[in-house]
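Numbering (our numbering), first residue to last: 2 to 353.
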């Protein structure tokens with residue numbers, strides 16, 4: 002039986018099929034943080050980081066769930082169309098291969114944002130072949146590159162079963178993927194994509210975090226910067242609360258009382274900063290897609306989908322809007338299941 006694996010290297014997170022049991026993938030996910038290796042160990046050996054060291058060119062990096070522990074104030078993520086050419090991308094790619102349970106892959110499925118699919122051939126060429134990571138050799142025989150919202154669509158198709166998909170593939174569907182750097186949308190009928198009504202904009206979660214950080218700076222003038230990860234955690238780790246300098250404040254608005262009812266001089270309201278990005282994002286979608294009279298269903302996915310969902314509903318008030326199971330990993334799951342179908346199609350063609 003062919004070995005099929007998927008790696009989704011996003012601007013915000015990395016997801017990959019670590020193992021596959023009975024044709025069901027086990028997905029591992031962590032932040033797309035890549036840290037240059039330091040030989041210093043200040044823990045005295047008391048704890049070991051959950052990371053993997055990989056070589057890219059002459060540099061050595063650590064990637065994994067604990068890579069953020071090595072990041073410093075100069076660390077940054079690459080948030081542009083050259084991402085696949087960077088050391089960061091290569092380090093994440095090699096780290097994922099190393100953490101997989103296989104050494105030979107018949108089909109590796111990778112993904113790109115809608116507006117970066119023109120780089121799919123280049124990505125395919127750099128991924129095919131033998132990769133040596135810390136002495137482990139992984140041979141990638143073939144690569145298929147999917148655009149991310151289509152992979153999420155395939156995850157939803159797998160979720161509803163064959164009968165449900167038989168109905169779905171006859172409908173015009175809008176798939177929305179809200180990621181860290183970009184918000185992607187795709188209009189399709191079955192697997193046939195309407196290119197003219199599909200696109201992406203750089204209005205993902207990172208744009209919201211940047212706007213909120215700038216606004217919060219006036220509330221915390223003694224701090225030279227508000228780390229984006231602290232703001233990010235206020236959306237998902239402890240929703241409704243932001244933790245800064247050891248104190249907790251209501252989020253997105255604080256009116257002089259902290260989360261424990263104690264008075265504070267801190268006051269802020271970043272609701273408008275969040276709303277500005279979200280509304281502008283959905284305006285771009287509406288300008289591209291239109292009001293959607295011929296669209297039967299809207300499929301929503303992505304780690305930051307909850308932030309955008311209210312505006313999606315306001316923009317398309319009459320449509321059926323469904324959220325995929327496991328929105329954070331749906332794209333990676335869809336990549337795997339799409340790869341299974343892709344491999345089966347290749348076998349049928351060879352047998353014909």
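C-beta atoms are modelled at their ideal positions from N, C-alpha and C, and glycine is treated no differently.
Run of the alpha helix (DSSP H) containing residue i, from where it starts to where it stops
{"i": "residue 230", "result": "229-237"}
{"i": "residue 311", "result": "306-316"}
{"i": "residue 214", "result": "206-218"}
{"i": "residue 278", "result": "272-290"}
{"i": "residue 323", "result": "From DSSP, residue 323 is part of no alpha helix (DSSP H) but of the beta strand (DSSP E) over 321-324."}
{"i": "residue 149", "result": "149-169"}
{"i": "residue 96", "result": "88-100"}
Where the beta strand (DSSP E) through residue i begins and ends
{"i": "residue 141", "result": "137-141"}
{"i": "residue 370", "result": "The structure shown has nothing for residue 370, since the chain only spans 2 to 353."}
{"i": "residue 347", "result": "Run containing residue 347: none in the beta strand (DSSP E); it sits in the alpha helix (DSSP H), 331-352."}
{"i": "residue 174", "result": "173-179"}
{"i": "residue 112", "result": "108-113"}
{"i": "residue 63", "result": "60-64"}
{"i": "residue 297", "result": "Unbroken run through residue 297: none, as it is neither H nor E."}
Minimum C-alpha distance to residue i - residue among the options
{"i": "residue 156", "options": "301, 227, 142, 265", "result": "301"}
{"i": "residue 334", "options": "146, 152, 101", "result": "152"}
{"i": "residue 285", "options": "316, 167, 9, 212", "result": "316"}
{"i": "residue 114", "options": "345, 10, 191", "result": "10"}
{"i": "residue 90", "options": "198, 32, 67, 145", "result": "32"}
{"i": "residue 260", "options": "147, 249, 304", "result": "249"}
{"i": "residue 85", "options": "120, 54, 65, 139", "result": "120"}
{"i": "residue 354", "options": "53, 103, 61, 70", "result": "There is simply no residue 354 to check, as the chain begins at 2 and stops at 353 in what is shown."}
{"i": "residue 295", "options": "203, 321, 56, 55", "result": "321"}
Buried versus exposed, by CB contacts within 10 Å (16 or more), residue i
{"i": "residue 200", "result": "buried"}
{"i": "residue 45", "result": "With a pLDDT of 42 at residue 45, under the threshold of 50, the predicted position of this residue should be treated as unreliable, and no value is reported."}
{"i": "residue 24", "result": "exposed"}
{"i": "residue 306", "result": "buried"}
{"i": "residue 101", "result": "buried"}
{"i": "residue 331", "result": "buried"}
{"i": "residue 36", "result": "buried"}
{"i": "residue 16", "result": "buried"}
{"i": "residue 98", "result": "buried"}
{"i": "residue 293", "result": "buried"}
{"i": "residue 63", "result": "buried"}
{"i": "residue 373", "result": "Not covered by the structure: residue 373. The range shown for the chain is 2 to 353."}
{"i": "residue 112", "result": "buried"}
{"i": "residue 318", "result": "exposed"}
{"i": "residue 117", "result": "buried"}
{"i": "residue 247", "result": "exposed"}
{"i": "residue 26", "result": "buried"}
{"i": "residue 288", "result": "exposed"}
Integer-rounded CB distance, given that residue j should sit under 8 Å from residue i
{"i": "residue 4", "j": "residue 105", "result": "6 Å"}
{"i": "residue 192", "j": "residue 176", "result": "In fact, because the Cβ distance is near 11 Å, the residues do not count as touching under 8 Å."}
{"i": "residue 180", "j": "residue 309", "result": "Not a contact, Cβ separation roughly 11 Å."}
{"i": "residue 262", "j": "residue 252", "result": "Not quite, the Cβ-Cβ distance comes to about 15 Å (not below 8 Å), so this is no contact."}
CB contact check: residue i to chain C, cutoff 8 Å
{"i": "residue 98", "result": "In summary, chain C is missing from the structure at hand, where a single protein chain is found."}
When you compare the segment 161-173 with the segment 133-142, are there three or more beta-carbon pairs, one atom per stretch, that lie closer than 8 Å? no
Touch check for the segment 215-222 and the segment 258-276: three-plus C-beta pairs under 8 Å? yes
Contact the segment 138-153 vs the segment 274-282: 3+ CB pairs below 8 Å: no
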